[in-house]
DNA sequence: AGTTTTCGAAACGAGACCGTTGCGTATCGT
DNA sequence: ACGATACGCAACGGTCTCGTTTCGAAAACT
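As structure tokens, then:
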């Protein structure tokens with residue numbers, strides 16, 4: 001926690017309600033696409049229905065507020081079903097897709113993709129806390145597939161991850177009323193990736 | 001062009017040098033990750049070594065300036081070599097990779113990924129002008145591959161595009177001193193995609 | 001009761017940009 | 001030469017946000 005040292009429990013205790021409202025307002029705004037640079041303490045206070053004093057009393061600066069807020073976002077990746085690699089990959093990609101429709105979860109990609117250059121420190125902490133655990137879970141699915149023989153033994157796991165995750169992020173980021181994410185995108189991605197693009201007459205055409 | 005009506009050629013002509021400096025400054029700042037919202041005419045003028053008047057004389061507002069500046073970015077996709085699909089795909093992805101190292105070209109992805117929600121009009125014009133032509137060129141490569149029999153006849157071309165483009169964008173956006181884009185990423189992406197992840201004992205293991 | 005701390009609200013001076021205007025100079029056509 | 005227009009520069013009044021301070025009320029403690 002980067003919260004300012006809280007004083008001894010002498011006088012009136014800090015309102016948890018206010019704290020939650022502040023964090024919620026911060027996450028909502030970031031999810032809506034507000035840049036960290038643009039995010040003003042004043043706007044957060046108004047949105048949270050809270051005095052600016054209440055924010056400054058708890059966080060020394062904007063970056064600390066953002067980091068603490070993002071830290072509450074640690075969504076666990078579900079344990080994969082484990083029936084086969086295909087099902088696990090589809091499950092994870094489907095989680096990404098469904099999460100992207102909720103405003104709150106867009107914080108993750110917005111921060112990861114937009115703020116790396118300008119707030120390297122924030123980005124580094126966020127990457128360790130939120131991004132890497134998810135990448136690792138995904139990586140394990142592929143590794144397990146190689147181990148069980150479902151996937152090629154010489155599969156380039158990192159490149160494979162980039163293809164699947166990159167494609168899904170690409171769609172969810174570009175999505176909007178005019179360009180919706182297809183409902184079955186996860187399935188289609190995984191099947192195309194597993195099968196390969198090339199036409200191979202020696203192989204059974206029916207997958 | 002959204003430039004303000006230029007007056008008759010009576011007095012002193014407008015300086016092309018100034019105009020270029022303005023556009024350059026605009027593109028540089030966007031390439032560095034400055035949001036369109038954050039981009040101030042004042043900052044552009046200072047960076048270009050130009051009076052604000054000179055900018056306001058040519059463009060009615062910030063959005064027009066940005067659109068005109070971006071319009072100068074129409075990099076042509078090279079005609080594909082045409083030897084085979086693999087070579088063409090690698091060539092296009094390699095163009096994306098090498099372009100991404102130049103600050104100027106980062107404007108394209110920065111605008112496409114960050115500003116769609118907040119400047120839908122700007123995004124729409126930019127998409128038609130810059131993005132779609134490139135997507136179409138890429139799409140043609142895949143279609144040609146299907147036609148020649150190099151790729152599966154039932155290949156999901158849109159999903160295939162997302163996988164390759166998404167993966168490359170994912171890497172170039174995330175790239176930085178700590179996470180460089182591998183030199184051979186284009187080759188590795190294309191080969192994994194063509195081959196497929198799945199281990200298929202009926203097929204020759206050597207690609 | 002008395003003390004301490006937090007609460008939301010309001011106001012502060014400082015600074016950034018806004019879009020506009022005036023200034024003196026430079027550069028073109030006539 | 002002369003009028004017209006563009007140039008860079010500086011200043012204008014106005015709005016917004018900054019981070020800080022002050023205020024009276026509220027809510028816990030001894």
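Protein chains in written order, with the UniProt record's numbering: chain A, 1 to 207; chain B, 1 to 207. By construction, the Cβ of each residue, glycine as well, lies at the ideal position given by its N, Cα and C atoms.
{"query": "In chain order, what residues of the UniProt domain \"HTH tetR-type\" (16–77) of chain B put their CB closer than 8 Å to some CB of chain A?", "result": "32, 33, 35, 37, 38"}
{"query": "In chain order, what residues of the same chain lie with their CB nearer than 8 Å to the CB of residue 41 of chain A, ignoring the 5 residues before and after it?", "result": "52, 55, 56, 62, 65"}
{"query": "Applying a beta-carbon distance threshold of less than 8 Å, which residues of chain A neighbour residue 96 of chain B?", "result": "What residue 96 of chain B touches in chain A: nothing, since even the nearest Cβ is about 12 Å away."}
{"query": "For residue 105 of chain A, go through chain B and note every residue whose CB falls closer than 8 Å to its CB, in chain order.", "result": "Here the premise fails: no neighbours, minimum Cβ distance about 15 Å."}
{"query": "Mind checking if residue 223 of chain A is an interface residue toward chain B, Cβ cutoff 8 Å exclusive?", "result": "The first residue shown for chain A is 1 and the last is 207, placing residue 223 of chain A beyond what the model contains."}
{"query": "What does a CB cutoff of less than 8 Å around residue 82 of chain B pick up in its chain, not counting 5 residues either side in sequence?", "result": "88"}
{"query": "For residue 75 of chain A, does the count of other Cβ atoms within 10 angstroms reach 16, so buried, or fall short, so exposed?", "result": "exposed"}
{"query": "Given a cut-off of 8 Å on the beta-carbon distance, is the pair residue 38 of chain A and residue 35 of chain B in contact?", "result": "yes"}
{"query": "Give the C-beta separation of residue 137 of chain B and residue 96 of chain B to the nearest angstrom, bearing in mind that I take them to be a contact with Cβ-Cβ under 8 Å.", "result": "Actually they are not in contact, since the Cβ atoms of residue 137 of chain B and residue 96 of chain B sit about 12 Å apart, beyond 8 Å."}
{"query": "Residue 119 of chain A to residue 127 of chain A, Cα distance in whole Å?", "result": "12 Å"}
{"query": "Are there 16 or more other CB atoms within 10 angstroms of the CB of residue 204 of chain B, so buried, or fewer, so exposed?", "result": "In this prediction, residue 204 of chain B has a pLDDT of 48, which is less than 50 and means its spatial position is unreliable; what the coordinates show is noted afterwards. Per the 10 Å Cβ criterion, exposed."}
{"query": "Using a Cβ cut-off of 8 Å, pull out every chain B residue sitting near residue 126 of chain A, in sequence order please.", "result": "Per Cβ cutoff of 8 Å: no residues; residue 126 of chain A is ~13 Å from chain B at best."}
{"query": "Please name the residue or residues paired with residue 198 of chain B in a DSSP beta bridge.", "result": "A:151"}
{"query": "With a threshold of 7 Å on Cβ separation, who are the neighbours of residue 71 of chain A within its own chain once the five nearest residues in sequence on each side are excluded?", "result": "129"}
{"query": "When the Cα atoms are used, what is the spatial distance from residue 28 of chain B to residue 19 of chain B?", "result": "14 Å"}
{"query": "Starting from the C-beta of residue 114 of chain B, find all residues in its chain whose C-beta is less than 8 Å away, skip the five residues before and the five after it, and write them out in chain order.", "result": "35"}
{"query": "Could you tell me which chain A residues have their CB closer than 9 Å to the CB of residue 117 of chain B, listed as they occur along the chain?", "result": "32, 33, 176"}
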